[in-house]
Amino acid sequence: DGGITQSPKYLFRKEGQNVTLSCEQNLNHDAMYWYRQDPGQGLRLIYYSQIVNDFQKGDIAEGYSVSREKKESFPLTVTSAQKNPTAFYLCASRSTSVETGELFFGEGSRLTVL
Amino acid sequence: RKEVEQDPGPFNVPEGATVAFNCTYSNSASQSFFWYRQDCRKEPKLLMSVYSSGNEDGRFTAQLNRASQYISLLIRDSKLSDSATYLCVVNHRGSTLGRLYFGRGTQLTVWP
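Line order of the protein sequences matches chains A and B.
The letter at position 45 of the first sequence is residue 45 when you use the numbering used here, and the numbering goes up by one with no holes.
The letter at position 109 of the second sequence is residue 109 when you use the numbering used here, and the numbering goes up by one with no holes.
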């Protein structure tokens, strides 16, 4: 079955540690995205990538880093510079060959900083 | 002004009621429009795309008003299982390719 897989689903981290969230898709989508969602809030864009080896900052990129070495993979690193990293992180992908292409989401990764 | 705005609610309605949500967007060049549904602590899932002529899927009807720059979602004969947050999503023509804009979501609770 085609889809997006995020891991881990739940993650606990001590302050000052970096952590990397995995996102893999087998939908052959060019565009991939990382969003952050806080309780009662909407989705905020962290980073997005339209093509391999290229990515752009979203609205809240500070304290995060990404890479896009393969079409299928778009990992997100939450660095110690991110001041309030506890949140629900969602990875998504989309076909850019269709202008009206919908966004497909992974099941999310819930990060808690202790 | 935010790109996409929604009334956050909450909307609390009895089973069988009809409820409507609106969403306004600021960029007149917006091209693609979607309604997503998000259950508590889950990922958003596409409910329906919104087409220029309006479209219907069972109890759900989506409409687009380009002149006033808003889209709407109408739910008829509400079910308990419709309780969720509904997200409005907009894509701009000619924008940085692939960038979509989300509203904060409208929370719906259907009670028995």
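All C-beta atoms in this analysis are idealised placements derived from N, C-alpha and C, irrespective of residue type, glycine included.
{"Query": "Contact set for Asn22/B: own chain, Cβ-Cβ below 6 Å, skip 5 residues either direction", "Result": "Tyr70 and Ser72"}
{"Query": "Under the three-state DSSP convention, the category Asp57/B falls into", "Result": "strand"}
{"Query": "contact_flag[the segment 50-63 of chain A, the segment 20-40 of chain A] where n(CB pairs < 8 Å) is 3 or more", "Result": "yes"}
{"Query": "Sequence ranges, beta strand (DSSP E) only - wholly within the segment 50-85 of chain A, length at least 3", "Result": "54-57, 64-66 and 76-78"}
{"Query": "Expected contact under 8 Å - CB spacing of Val50/B and Ala62/B to nearest Å", "Result": "4 Å"}
{"Query": "Option nearest Ser53/B by Cα separation, candidates Cys40/B, Arg41/B and Phe33/B", "Result": "Phe33/B"}
{"Query": "Below-8 Å beta-carbon distance, Gln41/A vs any chain D residue", "Result": "You won't find chain D in this structure, because its protein chains are A and B."}
{"Query": "Reduced DSSP secondary structure (H/G/I, E/B, other) of Ser93/A", "Result": "strand"}
{"Query": "Residue of Lys42/B, Arg76/B and Val13/B minimising C-alpha distance to Gln6/A", "Result": "Lys42/B"}
{"Query": "Minimum Cβ-Cβ distance from Leu100/B to chain A less than 8 Å", "Result": "yes"}
{"Query": "Beta strand (DSSP E) segment containing Tyr25/B, residue limits", "Result": "Val19 to Tyr25"}
{"Query": "Of the listed residues Ser65/A, Asp30/A and Arg44/A, nearest to Leu21/A (C-alpha basis)", "Result": "Ser65/A"}
{"Query": "Residues that DSSP places opposite Ser81/B in a beta bridge", "Result": "Bridge partners of Ser81/B: none, in fact."}
{"Query": "Start-to-end residues for the beta strand (DSSP E) that takes in Arg36/A", "Result": "Ala31 to Gln37"}
{"Query": "DSSP three-state assignment for Arg13/A, whether helix, strand or coil", "Result": "strand"}
{"Query": "Val4/B to Asn27/B span [Cα, whole Å]", "Result": "9 Å"}
{"Query": "Cβ contact check for the segment 78-96 of chain A and the segment 23-33 of chain A: 3 or more pairs under 8 Å", "Result": "yes"}
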